[in-house]
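Student:
Numbering (my numbering), first residue to last: 363 to 643.
1. Is residue 396 helix, strand or coil when you go by DSSP?
2. Give the DSSP-derived three-state secondary structure of residue 520 in the structure shown.
3. I think residue 329 touches residue 409, with their Cβ atoms under 8 Å apart; what is that distance to the nearest whole Å?
4. On the CB-based measure, 16 or more other CB atoms within 10 Å of its CB, does residue 530 come out buried or exposed?
5. Between residue 583 and the rest of its own chain, which residues show a CB-CB distance below 6 Å, the 5 nearest in sequence each way excluded?
6. Does residue 421 come out as helix, strand or coil in the three-state DSSP assignment?
7. Kindly indicate which three-state DSSP category residue 508 falls into: helix, strand or coil?
8. CB-CB under 6 Å to residue 453, same chain, minus the five flanking residues each way: which ones, in chain order?
9. Among the residues of its own chain, which have a CB less than 6 Å from the CB of residue 352, if the five just before and after it don't count?
10. Quick one: complete alpha helix (DSSP H) runs, 4+ long, within the region 528-561?
11. Could you check whether residue 513 and residue 607 sit closer than 8 Å to each other, using their CB atoms as the reference points?
12. Does the Cβ of residue 370 have 16 or more other Cβ atoms within 10 Å, making it buried, or fewer, making it exposed?
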């Protein structure tokens, strides 16, 4: 009988669409590192978004550019690697440059430390409802398919065939409660500096309580007072994350405030940013 199990995609090596490659498997034997480096620097100057993959035998590194801004390279396990270290470790490399949307690049960057995929209990397409409910952000993989999601919405990629088992790489660690609460406290503190949150948050919580019961003001599971976030210690993160995102989006929309107008600083570089499913317009 044929093997119908889901073969895992190697961690940190989520696929780049081959049809978007600007150049593919370019050998540094024929196109030396000096020219690769010059091209990489020129891409930054032109505001390029995409992936640069370098491999030699079982060694590899991936560099990410988002609107010309270079993220630190990484390799197996999400470990950071510099450009100089990659050149030294792989003097006779194969190099592939792929143009991709900056949002997808940011997502792939955030997934660099995702060491294993989590199997979903429900096969496709039934799993889609759960991904939407949890406002899933990450990569959905199955045999021969990979798609990228943010806030429960499909961004790009190929979907599994009907009945196929699925796995997900998520941008957050399911049990990272401290990191999640710290990020949201910092984010709400920034917003509160521009827009006092106490009353707008209460109004949004009332409006969204049917969809996100933890926001019900009478339950007191999620409360924001004076920019300070208070969360019931028994509330699960899988319920908390989408509720916080939904409430903040509604607060900002009602007030006509854009995240792009706020001093977000390093918050956008934290792994929780992508999981929050928020856009800066």
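The beta-carbon is built from N, C-alpha and C at its ideal position, and this holds for glycine as well. Keep in mind it's a predicted model, so treat the numbers as computed, not measured.
Tutor: Taking the coordinates as given:
1. In the chain shown, the residue the question calls residue 396 occupies position 34. Residue state, collapsed to three classes: helix.
2. In the chain shown, residue 520 corresponds to position 158, counting from 1. Coil, per DSSP.
3. Since the first residue of the chain shown is 363 and the last is 643, residue 329 is not available in this structure.
4. Working through the chain shown from its first residue, we reach residue 530 at position 168. Result: buried.
5. The residue given as residue 583 occupies position 221 in the chain shown. The residues are 576, 594 and 597.
6. Here the question's residue 421 lines up with position 59 in the chain shown. Strand at residue 421.
7. In the chain shown, the residue the question calls residue 508 occupies position 146. Residue 508: strand per DSSP, three-state reduction.
8. As a first step, residue 453 must be located in the chain shown, where it is residue number 91. The answer is none, since no qualifying residue turns up.
9. As shown, the chain starts at 363 and ends at 643. That puts residue 352 outside it, with no answer to give.
10. 539-556
11. As a working note, residue 607 is residue 245 in the chain shown. As a working note, residue 513 is residue 151 in the chain shown. Yes, the pair counts as a contact, with Cβ atoms nearer than the cut-off.
12. Locating residue 370 in the chain shown gives position 8, where the first residue counts as 1. Here the model assigns residue 370 a pLDDT of 44, short of 50, so the residue's position is not dependable, and the following value carries that caveat. Residue 370 is exposed by the Cβ-count criterion.
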